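In the working numbering, each residue carries its 1-based index in the sequence shown increased by 28. The structure under discussion appears below in the form of structure tokens.
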Amino acid sequence: DVVNQQRELIYGERRKILGGADLKTNILSMVREELGRLVSSRSGDEYGEGRDTKGLLADVTTIMPVPTQLNDGALDSIKPTEIEEKLYEQAETLYEQREKEIGQDGMRLLERLIMLRTIDTLWINHLTEMDHQRLQAGWAGLQQQKSVDAYKNLGSQQWDMLTDNIRHNVAHTIFHVGIVKQEARPAVPATPMAQVTSANNRGSLN
Numbered sequence: 029d030v031v032n033q034q035r036e037l038i039y040g041e042r043r044k045i046l047g048g049a050d051l052k053t054n055i056l057s058m059v060r061e062e063l064g065r066l067v068s069s070r071s072g073d074e075y076g077e078g079r080d081t082k083g084l085l086a087d088v089t090t091i092m093p094v095p096t097q098l099n100d101g102a103l104d105s106i107k108p109t110e111i112e113e114k115l116y117e118q119a120e121t122l123y124e125q126r127e128k129e130i131g132q133d134g135m136r137l138l139e140r141l142i143m144l145r146t147i148d149t150l151w152i153n154h155l156t157e158m159d160h161q162r163l164q165a166g167w168a169g170l171q172q173q174k175s176v177d178a179y180k181n182l183g184s185q186q187w188d189m190l191t192d193n194i195r196h197n198v199a200h201t202i203f204h205v206g207i208v209k210q211e212a213r214p215a216v217p218a219t220p221m222a223q224v225t226s227a228n229n230r231g232s233l234n
């Protein structure tokens, strides 16, 4: 039941994607969340002690290119919330540029491909891990805990990891891939091997 509930949620998301859902808004939201996570991890304490702006910019480049004006000197003097806003504005600008370069139809196709591939790959990994957790939950009885309750808890944790990984992978992919148009290759006529074999067999029988 735990896995079936999760499967319904995943398949529901896939149906939305294939049905033409607004993926642009969804993906930009994922990018913003990921940028916020990076800013928070490098901001230091409330007094700014331990802030690592260079490390932050290095992290951000794994998501998108960073313009020269957004250097560590420019970001050191502003609040983390302002840093996050400036980075997100850059993400929106880059997204619009990409859409102009490959066209709206191309961008919508790219969004669908990235979302579907990410979800499908991570979902397969998730099912493997859920099988492993099912075996682990079987030992819960030794700790005076119901196996079903243990599995539900483990399943909830794995689900949270799955959604976090989907967000992370999509945010780290959308600015680093593109669509390559290939010319259709002319069809090559098939060699009539069946006829040749038949003729040879007939000859040997004679």
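Note that the Cβ used here is the ideal one computed from N, Cα and C, for glycine as well. Note that the structure is predicted; figures quoted are calculated from it, not measured.
Of all C-beta pairs linking the stretch 77 to 97 to the stretch 183 to 195, fewer than three are shorter than 8 Å, placing the two stretches out of contact. With respect to the C-alpha of residue 209, the residue from 137, 31, 93 and 153 having the closest C-alpha is 137. Proximity to residue 149 across 128, 38 and 72 peaks at 38, based on C-alpha coordinates.
Between residue 66 and residue 87, the C-beta spacing is below 8 Å. In the DSSP annotation of this structure, the continuous segment of the alpha helix (DSSP H) that includes residue 68 starts and ends at 51 to 70. Of the other Cβ atoms in all chains shown, 16 or more fall within 10 Å of the Cβ of residue 195; this residue is therefore buried. When the Cα atoms are used, residue 193 and residue 153 turn out to be separated by approximately 11 Å. By the CB criterion at 8 Å, residue 72 and residue 112 fall outside the cutoff. The C-beta distance from residue 91 to residue 62 rounds to 6 Å, short enough to meet the 8 Å contact threshold.
If you draw a straight line from the Cα of residue 29 to the Cα of residue 98, it comes to about 49 Å. In the structure shown, residue 125 falls within a helical segment according to DSSP collapsed to helix, strand and coil. Here the C-alpha atom of residue 95 lies approximately 25 Å from the C-alpha atom of residue 134. Under the criterion of beta carbons closer than 8 Å, residue 42 and residue 141 do not qualify as touching, at roughly 13 Å.
Ranked by how close their Cα comes to the Cα of residue 52, the residues 85, 132 and 188 have 132 in first place. Here residue 119 is buried, its C-beta having at least 16 other C-beta atoms within 10 Å. Within the model, the alpha-carbon separation for residue 123 versus residue 203 is close to 8 Å. For residue 131, the three-state secondary structure derived from DSSP is helix.
Put simply, of 139, 108 and 103 the residue whose alpha carbon is nearest the alpha carbon of residue 47 is 139. For residue 191, the enclosing alpha helix (DSSP H) starts and ends at 175 to 199.
If you draw a straight line from the Cα of residue 175 to the Cα of residue 58, it is about 34 Å long. The alpha-carbon of residue 156 is positioned some 11 Å away from that of residue 31. Listed in chain order, the non-local C-beta contacts of residue 151 below 7 Å within the same chain comprise 38, local neighbours out to five positions each way being set aside.
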